[in-house]
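If you read the sequence shown in UniProt numbering, its first letter stands for residue 1, the second for the next number, and so on.
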Amino acid sequence: MKVAFMKEAKKSGSEQLLLTAAVSAGKHTIDQSYNVPSLGKNFDLLFLMSYDLHGSWENNVDLHAKLRPTKGETSGIGIFNTEFAAKYWVSNGMPKQKIIIGIPTYGRGWTLRNPSETKIGAEGLRPSSPSTTNPAGGTAA
């Protein structure tokens, strides 16, 4: 596809189109789904989906788009954060200058088992209450 973009730009005299992709920040998905060296060679930019790393599908409260690991992290210790994901992509062959970090413009929420326990790692029962922006609950914009 990259070669086709180059040929099209040369033929038309137009600026070459960029070849980009939105990709997972999850280690398991990276390992199972991507040929990282090939993406690094052929793509102009990768948009790292470094959000939804945690949510109300889990039993414990955590930041869904954290930059680094936090104390109290209860699942996937140390790998569900932006820093790990970006470094993992680079260590597998993606040039760091081609990685664009995704930033969410919404938050994720839980209904807590004990409303007075509000720290990361607190036990959640279910998604937060529905709202006008999300009738299903669990997020707020």
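The C-beta atom is built at its ideal place from N, Cα and C for all residues, glycine as well.
With C-beta atoms as the reference, is residue i less than 8 Å away from residue j?
i           : j           : result
residue 118 : residue 129 : no
residue 92  : residue 36  : yes
residue 24  : residue 49  : yes
residue 113 : residue 124 : yes
residue 94  : residue 53  : no
residue 21  : residue 43  : yes
residue 45  : residue 98  : yes
residue 146 : residue 55  : For residue 146 there is no data in the structure shown, the boundaries of the chain being 1 and 141.
residue 105 : residue 141 : yes
Per DSSP, residue i is paired with what?
i           : result
residue 93  : Its beta-bridge partners do not exist; DSSP assigns none.
residue 110 : 127
residue 100 : 47
In angstroms with no decimal places, state the Cα-to-Cα distance between residue i and residue j.
i           : j           : result
residue 17  : residue 6   : 8 Å
residue 86  : residue 135 : 33 Å
residue 116 : residue 61  : 13 Å
residue 68  : residue 103 : 14 Å
residue 28  : residue 127 : 25 Å
residue 15  : residue 9   : 6 Å
residue 188 : residue 63  : Nothing about residue 188 can be read from this structure; the chain reaches only from 1 to 141.
Check your understanding: What residue ranges within the region 8–43 form continuous alpha helix (DSSP H) runs of no fewer than 4 residues, ordered along the chain?
Key -> Inside the region 8–43, DSSP marks whole alpha helix (DSSP H) runs of 4 or more residues at positions 27–33, 36–42, from first to last along the chain.
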